[in-house]
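Q: One structure follows; several queries about it will come next.
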Amino acid sequence: MTGVLAIDPLLFGELKWMPLVIVALKVLVIFVVGLVGTMFMVWFERKVIAGMQNRIGPNKAGPFGILQTLADGVKLFFKEDLLPDRADRFVFRLAPFLAFVPAFLVWAVLPLGGDYRDGNRGLVEWFGHATRVQLADPPVGILLVLALSSIAVYGIMLAGWSSGSKYPLLGAVRATAQMVSYEAALGLSLAAVLLTSGSLSTVGIVGTQDSLSNWNVVATGVVPFVIFVIAATAELNRPPFDLVEAEQELVGGFNTEYSSLRFALFFLAEFMNTITMSGVIVTLFLGGPQPLAIGDWTADIPLVGNGLEGTIWFLLKLLLFLYIYVWFRATLPRLRYDQLMDLGWKVLIPISLGWFLLLAALRLGRDEDWNVWLVAGVSVAGLLVAAVVMFGAMKVSGRNRQQGAVY
Amino acid sequence: MSDFLRDYLTVVWFGLAALVLGSLLLGLAALVRPVKPNASKLIAYESGVDPVGIGWSQSQIRYYVFALLFVIFDVEAVFIFPWAASIERYGTFGLVVMLAFIVLLLDGLLYAWKRGLLRWV
Amino acid sequence: MQLVVFVIASLMVLVGAVGVVLRRHPVHAALSLVLTLFGVAVHFVAQEAHFLAAVQVIVYAGAIVVLFLFVIMLLGVDSADDLRIERLPIQRPLAAVMGVGIVGLLIAAVVATRGSEPLQAGAGINVAGVGIDDAVAGHDANITQLAGNLFADYVFAFELTSVLLIVAVAGTVVLTRREKPPSEEDAP
Chain A
1 MTGVLAIDPL LFGELKWMPL VIVALKVLVI FVVGLVGTMF MVWFERKVIA
51 GMQNRIGPNK AGPFGILQTL ADGVKLFFKE DLLPDRADRF VFRLAPFLAF
101 VPAFLVWAVL PLGGDYRDGN RGLVEWFGHA TRVQLADPPV GILLVLALSS
151 IAVYGIMLAG WSSGSKYPLL GAVRATAQMV SYEAALGLSL AAVLLTSGSL
201 STVGIVGTQD SLSNWNVVAT GVVPFVIFVI AATAELNRPP FDLVEAEQEL
251 VGGFNTEYSS LRFALFFLAE FMNTITMSGV IVTLFLGGPQ PLAIGDWTAD
301 IPLVGNGLEG TIWFLLKLLL FLYIYVWFRA TLPRLRYDQL MDLGWKVLIP
351 ISLGWFLLLA ALRLGRDEDW NVWLVAGVSV AGLLVAAVVM FGAMKVSGRN
401 RQQGAVY
Chain B
408 MSDFLRDYLT VVWFGLAALV LGSLLLGLAA LVRPVKPNAS KLIAYESGVD
458 PVGIGWSQSQ IRYYVFALLF VIFDVEAVFI FPWAASIERY GTFGLVVMLA
508 FIVLLLDGLL YAWKRGLLRW V
Chain C
529 MQLVVFVIAS LMVLVGAVGV VLRRHPVHAA LSLVLTLFGV AVHFVAQEAH
579 FLAAVQVIVY AGAIVVLFLF VIMLLGVDSA DDLRIERLPI QRPLAAVMGV
629 GIVGLLIAAV VATRGSEPLQ AGAGINVAGV GIDDAVAGHD ANITQLAGNL
679 FADYVFAFEL TSVLLIVAVA GTVVLTRREK PPSEEDAP
């Protein structure tokens, strides 16, 4: 199956041109779509949030102000690039790339379309070659996303550190602690998805979600989905988790000392991360390019081939999530740092672990014909015990606080 | 050379393309933008006021605590992944093994919680 | 092709390793360490140990080096840190002994396996008695194989890992927490 992507630019002698061209085309298209999509996202966010706040928003550059981002980019392009004299020069230059490249790379493993109906594993025909609307499908695709998001942490941490300035450092340390905390929750809620899909490759994960009841958002019971969305928002440093750039206390956060295009790279990375993370959520929980299907009925878009339809479905779901992120930003006030840490460690991680065990028990129970009610009963009892122990810990901790114990 | 490796290679090309794009943009901008640094421009901006002391201050130990807890839970998640992906293979025994593993680690979290480590200030 | 990947990855590992030793600034040393860890991940990919490669990046580069960086920031080290002051005098001789020991082990391993057939990439798959069917073998064999090792063959070691991790939690609690004498009143 992977043989269809038979491209090996470095294998001399047996060079096949068509697959090479297809891959080059994919790289180009994803690149352009990624960049244009990011520009669109910035405009979309400003416009939607303006609507929610009863303003007009950008409306001068181009129709509906759609070229506003481009104008901003061009402005940044011509700005002087300052390197603070106390900065660590090498790391200061390196950091924007550490933020920008991982943001791009996530695109490579997302299934952006393709025909997944009737057990067809995302293959479409391009120029007579069966291929996927996806750059690459490594066997551990979704772990690659996690790995990339852990690299993105470096971009922020090093940017703040290398500036040789107090607020960026503070912002960077905060951001890092926040991102790693929620990465734990992210990973644990991902485990629930693996239970139902049994595969770590993105194609495999999309492949199992062939109808609404098999979409992981339903199949895992909404809890992991909610946890994943919250953790992803925190991972992106987006409101209500944007303590990294809390203007009132930290000036601009980790990128205060950056100017000109280096700043633009951070900005681009941030918005691209928003899009790709939405894409990851869609892939993991909402079936990616799978059409909406309930039972035997499939919502088929007329006049469009199945291959292209996957892309349309993916984009629709993606847009939904982008809108939700903007909505979060317009609606929710920023959390305090202690609230942030409490939410991550005391709520999300215990719940995702507990829910994972519950799902695993139910799944095994179904496989091995256990009594469903027995499993449910034992699980509920277990959860109750856990809750009691947890509240006990909370009480002890609270008592200690009142007695004034500190670090 | 296997098919899998080709997949990774594609990812590497893509990453290189992103790198090249970034460098190209920066390089092009370096040609057109003004370069007129002076002493006061190069002072760290911070909050607009002249900075006092060195920029690298010590951070609090709390951050370290959370980073360490993260290492532990990251390792835990990594152990959970292969089990979750092939759960039916190990049946009840696997569940018991995993239950013991997770409960033990949750104990750790609870202990840290009880001793007030998870409390921010 | 295998050779090209091998050379690139090995270069990453070696440059990183030399960087860790030679860079004076602890943050630069930590970054060199990241390069080394990446190189090792590339080696893993070349051997078709995909899961290990991803885990290498997630756990080592993503968590442990971040922890190192936190420690560096905790100490507030800047470039002027003086390396001549030895806090633990035994450190250097101990490091030398360890280094020689590791080199010895590596040489012993190379010598011992000199005559044996080189392992083909991906040959590790299917050796355990986990009966992998062909459908899975293509994509998820790696994880299945690893799960077989963890949850069937070495389950005791796996459980011990959790004990190790919980000891780490307890250690953190003990090390970072200090009871405040009740006479002081001011809150931090």
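Chains as they are written, first to last, in our numbering: chain A, 1 to 407; chain B, 408 to 528; chain C, 529 to 716.
We put the beta carbon where it would ideally sit given N, CA and C, even for glycine.
As the structure is a prediction and not an experimental result, all values here were calculated from the model.
Does DSSP put Leu-343(A) in a helix, in a strand, or in coil?
A: On the first sequence, position 343 is the one that residue 343(A) refers to. Looking at Leu-343(A) - three-state DSSP - the assignment turns out to be helix.
Q: Going by DSSP, name the residue or residues bridged to Ile-294(A).
A: As a first step, residue 294(A) must be located in the first sequence, where it is residue number 294. DSSP, once it has assigned bridges, lists Trp-297(A) as partnering Ile-294(A).
Q: Output the distance between the C-alpha atoms of Ala-582(C) and Met-272(A), rounded to the nearest integer angstrom.
A: Counting from one through the third sequence, the residue named residue 582(C) turns up at place 54. Counting from one through the first sequence, the residue named residue 272(A) turns up at place 272. Ala-582(C) and Met-272(A): Cα-Cα distance of roughly 22 angstroms.
Q: Where do the N-terminal and C-terminal ends of the alpha helix (DSSP H) with Trp-161(A) fall, by residue?
A: Stepping through the first sequence from its first residue, residue 161(A) is reached at position 161. That run of the alpha helix (DSSP H) goes 141-162.
Q: How would you write the range of the beta strand (DSSP E) that Glu-125(A) sits in, first residue to last?
A: Working through the first sequence from its first residue, we reach residue 125(A) at position 125. From DSSP, the beta strand (DSSP E) with Glu-125(A) extends over 123-126.
Q: Who are the near neighbours of Gly-632(C) in its chain, counting only those whose CB is closer than 8 angstroms to its CB and skipping five residues on each side?
A: Counting from 1 along the third sequence, the entry for residue 632(C) is found at position 104. Closer than 8 angstroms at the Cβ level, and outside the excluded window around Gly-632(C), lies no residue.
Q: Just to confirm my understanding: we take Gly-57(A), look at its own chain, exclude 5 residues before and 5 after, and list those with CB closer than 6 angstroms. What are they?
A: Here residue 57(A) refers to the residue found at position 57 of the first sequence. These residues qualify, in order along the chain: Arg-46, Lys-47 and Ala-50.
Q: Indicate the three-state DSSP secondary structure (helix, strand or coil) for Thr-208(A) in the structure shown.
A: Along the first sequence, one-based indexing puts residue 208(A) at 208. Coil, per DSSP.
Q: Reducing DSSP to helix, strand and coil, say where Arg-132(A) ends up.
A: Counted from its first residue, the first sequence places residue 132(A) at position 132. Three-state result, Arg-132(A): strand.
Q: Note down, one range per segment and in chain order, each beta strand (DSSP E) of at least 3 residues found wholly within the region 35-60 of chain A.
A: Listed in chain order, nothing qualifies, since the region 35-60 of chain A has no complete beta strand (DSSP E) run of 3 or more residues.
Q: Below 9 angstroms between beta carbons is the criterion; list the residues of the region 530-558 of chain C that meet it against any residue of chain B, in chain order.
A: Answer in chain order: Gln-530 and Val-533.
Q: If you pair each beta-carbon of the region 564-580 of chain C with each one of the region 468-476 of chain B, do three or more pairs fall below 8 angstroms?
A: Not touching, per the Cβ criterion.
Q: Starting from the beta carbon of Phe-598(C), find every residue of chain B whose beta carbon is closer than 7 angstroms, and list them in chain order.
A: Taking the first residue of the third sequence as position 1, residue 598(C) is located at position 70. Per Cβ cutoff of 7 angstroms: Tyr-470, Tyr-471 and Ala-474.
Q: Tell me whether Tyr-682(C) sits in a helix, a strand or coil according to DSSP, three-state version.
A: Here the question's residue 682(C) lines up with position 154 in the third sequence. Of the three classes helix, strand and coil, the one that applies to Tyr-682(C) here is coil, per DSSP.
Q: Check whether the Cβ atoms of Arg-262(A) and Pro-96(A) lie closer than 8 angstroms to each other.
A: Position 262 of the first sequence, counted from the start, is the residue given in the question as residue 262(A). Position 96 of the first sequence, counted from the start, is the residue given in the question as residue 96(A). Yes.
Q: Return the CA-CA distance between Leu-82(A) and Val-439(B), expressed in angstroms with no decimal places.
A: Position 82 of the first sequence, counted from the first residue, corresponds to residue 82(A). Position 32 of the second sequence, counted from the first residue, corresponds to residue 439(B). Looking at the two C-alpha atoms, the distance is approximately 14 angstroms.
Q: Please state the DSSP three-state secondary structure of Leu-513(B).
A: Indexing the second sequence from 1 puts residue 513(B) at position 106. The answer is helix: DSSP assigns Leu-513(B) an H, G or I state.
Q: By Cβ distance, which residues of its chain are closer than 6 angstroms to Thr-233(A), with the 5 residues on each side in sequence left out?
A: Stepping through the first sequence from its first residue, residue 233(A) is reached at position 233. Counting only Cβ-Cβ distances below 6 angstroms, and skipping sequence neighbours, we find Phe-241.
Q: Relative to chain A, which residues along the region 558-592 of chain C have a C-beta separation below 8 angstroms, given in chain order?
A: Cβ contacts with chain A: Leu-559, Val-562, His-578, Phe-579, Ala-581, Ala-582, Val-583, Val-585, Ile-586, Ala-589, Gly-590 and Ala-591.
Q: How should Ser-560(C) be labelled, buried or exposed, when 16 other C-beta atoms within 10 angstroms of its C-beta is the threshold for buried?
A: Here residue 560(C) corresponds to residue number 32 of the third sequence, with the count starting at 1. When all chains shown are included, Ser-560(C) counts as buried.
Q: Tell me whether the region 165-173 of chain A and the region 193-211 of chain A touch, counting them as touching only if at least three CB pairs, one residue from each stretch, are closer than 8 angstroms.
A: Touching, no, given that fewer than three Cβ pairs across the two stretches are closer than 8 angstroms.
Q: I need the boundaries of the alpha helix (DSSP H) containing Asn-670(C), first residue and last residue.
A: Taking the third sequence and counting its residues from 1, the one referred to as residue 670(C) is at position 142. First-last of the alpha helix (DSSP H) with Asn-670(C): 669-676.
Q: What would DSSP say about Ser-352(A), mapped onto helix, strand or coil?
A: Position 352 of the first sequence holds residue 352(A). Residue state, collapsed to three classes: helix.
Q: Taking only beta-carbon atoms, is Ala-698(C) less than 8 angstroms away from chain B?
A: By 1-based counting over the third sequence, the position of residue 698(C) is 170. It does: the Cβ of Ala-698(C) has a partner Cβ on chain B nearer than 8 angstroms.
Q: Report yes if the C-beta distance between Ala-451(B) and Pro-458(B) is below 8 angstroms; otherwise report no.
A: As a position in the second sequence, residue 451(B) is number 44, starting the count at 1. As a position in the second sequence, residue 458(B) is number 51, starting the count at 1. A contact, by the Cβ cut-off of 8 angstroms.
Q: Tell me whether Gln-584(C) sits in a helix, a strand or coil according to DSSP, three-state version.
A: As a working note, residue 584(C) is residue 56 in the third sequence. The answer is helix: DSSP assigns Gln-584(C) an H, G or I state.
Q: Please classify Ser-397(A): does DSSP put it in a helix, a strand, or coil?
A: The residue you call residue 397(A) lines up with position 397 of the first sequence. Ser-397(A) falls in the helix class under three-state DSSP.
Q: Quick one, which of Thr-499(B), Val-510(B) and Val-442(B) has its alpha-carbon nearest Ser-352(A)'s?
A: Here residue 352(A) is taken as the residue at index 352 of the first sequence, counted from 1. Of Thr-499(B), Val-510(B) and Val-442(B), the residue nearest in Cα terms is Val-510(B).
Q: Does the CB of Asn-400(A) have a neighbour CB from chain B at under 8 angstroms?
A: Looking up residue 400(A) in the first sequence gives position 400. For Asn-400(A), the answer is yes, since a Cβ of chain B falls inside 8 angstroms of its Cβ.
Q: Could you tell me whether the region 494-514 of chain B touches the region 615-622 of chain C, where touching means 3 or more Cβ pairs closer than 8 angstroms?
A: Contact between the region 494-514 of chain B and the region 615-622 of chain C is absent, because fewer than three Cβ pairs lie under 8 angstroms.
Q: State buried or exposed for Lys-317(A), treating a residue as buried only when at least 16 other CB atoms are found within 10 Å of its CB.
A: Here residue 317(A) refers to the residue found at position 317 when the first sequence is read from its first residue. Buried, because 16 or more other Cβ atoms sit within 10 Å of the Cβ of Lys-317(A).
Q: Could you work out which residues of chain C lie near Trp-327(A), taking near to mean beta carbons separated by less than 9 angstroms?
A: Locating residue 327(A) in the first sequence gives position 327, where the first residue counts as 1. The premise fails here: Trp-327(A) is roughly 30 angstroms from chain C at the closest Cβ pair, so nothing lies under 9 angstroms.
Q: Is Phe-534(C) helix, strand or coil by DSSP?
A: Sequence index remark: in the third sequence, residue 534(C) carries index 6 (1-based). Three-state DSSP puts Phe-534(C) in a helix.
Q: Quick one, which residues of the region 476-494 of chain B are near chain C if we go by CB-CB under 8 angstroms, in chain order?
A: Against chain C - using a Cβ distance shorter than 8 angstroms - the residues of the region 476-494 of chain B are Leu-476, Phe-477, Val-478, Ile-479, Asp-481, Val-482, Glu-483, Val-485, Phe-486, Phe-488, Pro-489, Trp-490, Ala-492 and Ser-493.
Q: Would you decide whether Arg-387(A) is buried or exposed? Buried here means 16 or more other CB atoms lie within 10 Å of its CB.
A: Here residue 387(A) refers to the residue found at position 387 of the first sequence. A quick correction: the sequence has Ala, not Arg, at residue 387(A). By the neighbour-count rule (16 or more Cβ atoms within 10 Å), Ala-387(A) is not buried but exposed.
Q: Where does Asn-654(C) fall in DSSP's three states?
A: Residue 654(C) sits at position 126 when you count from the first residue of the third sequence. Residue placement at Asn-654(C) cannot be trusted, given a pLDDT of 47 that sits under 50; what the coordinates show is reported in the next sentence. DSSP places Asn-654(C) in coil when its eight states are reduced to three.
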